[in-house]
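Novice:
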Amino acid sequence: MEKFDKINEIIKKFRDDREWSQFHNPKDLAISLSIEAAELLECFQWKSSSEAEKINYQDIKYEMADVGVYLLLMCDKMGINLLDAIEEKMKLNEKKYPVEKAKGCSKKYNEL
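Under my numbering, read the sequence shown as residues 54 to 165, first letter to last.
Quick look at the structure:
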């Protein structure tokens with residue numbers, strides 16, 4: 054938890070030192086998050102997963118970091134505690150995907 058809080062503070066300091074918070078509304082942060090996720094996908098385009106990991110490992114790592122940064126900035130702007138939101142969502146997923154129906158199955162919850 055301590056490192057998570059430290060990273061959050063580093064991200065916010067970087068933003069605040071540049072006075073960029075004024076540009077960080079939820080819509081534009083969501084757009085930026087989506088763009089970075091697309092750049093992550095681009096690392097895998099036209100390659101197998103193992104080939105992409107071998108060739109583009111560093112790029113994948115940095116694109117994942119960019120996705121994380123925008124996600125944390127959006128959480129900060131909207132007052133959402135990401136860890137609490139994940140915990141809540143996992144409880145909902147447990148109900149949607151009970152082990153006895155979902156184990157070893159790739160079907161969506163409404164097809165189980």
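Backbone N, C-alpha and C fix where the C-beta goes; we use that ideal spot for every residue, glycine too. Nothing here was measured: the structure is a model prediction, and the numbers come from that model.
Could you tell me how far apart the beta carbons of N109 and C96 are, in whole angstroms, since I believe they sit closer than 8 Å?
Specialist: The Cβ separation is near 4 Å, so the contact holds.
Novice: From the DSSP output, in three-state form, read off D121 for me.
Specialist: First, the residue type needs correcting, since residue 121 is Gly and not Asp in the sequence shown. Correct three-state label for G121: helix.
Novice: Since M127 and L94 should fall inside the 8 Å C-beta cutoff, what is the C-beta to C-beta distance between them, to a whole number of angstroms?
Specialist: Their Cβ separation, rounded to whole angstroms, is 19 Å, which puts M127 and L94 out of contact at 8 Å.
Novice: Classify V122: buried if its beta carbon has 16 or more other beta carbons within 10 angstroms, exposed otherwise.
Specialist: Its Cβ being crowded by 16 or more others within 10 Å, V122 is buried.
Novice: Give me, in chain order, the residues of the same chain whose beta-carbon lies closer than 6 Å to that of I113; leave out the 5 immediate sequence neighbours on both sides.
Specialist: Result list for I113: C96, in chain order.
Novice: Ends of the alpha helix (DSSP H) at L136?
Specialist: Residues L135 to K149.
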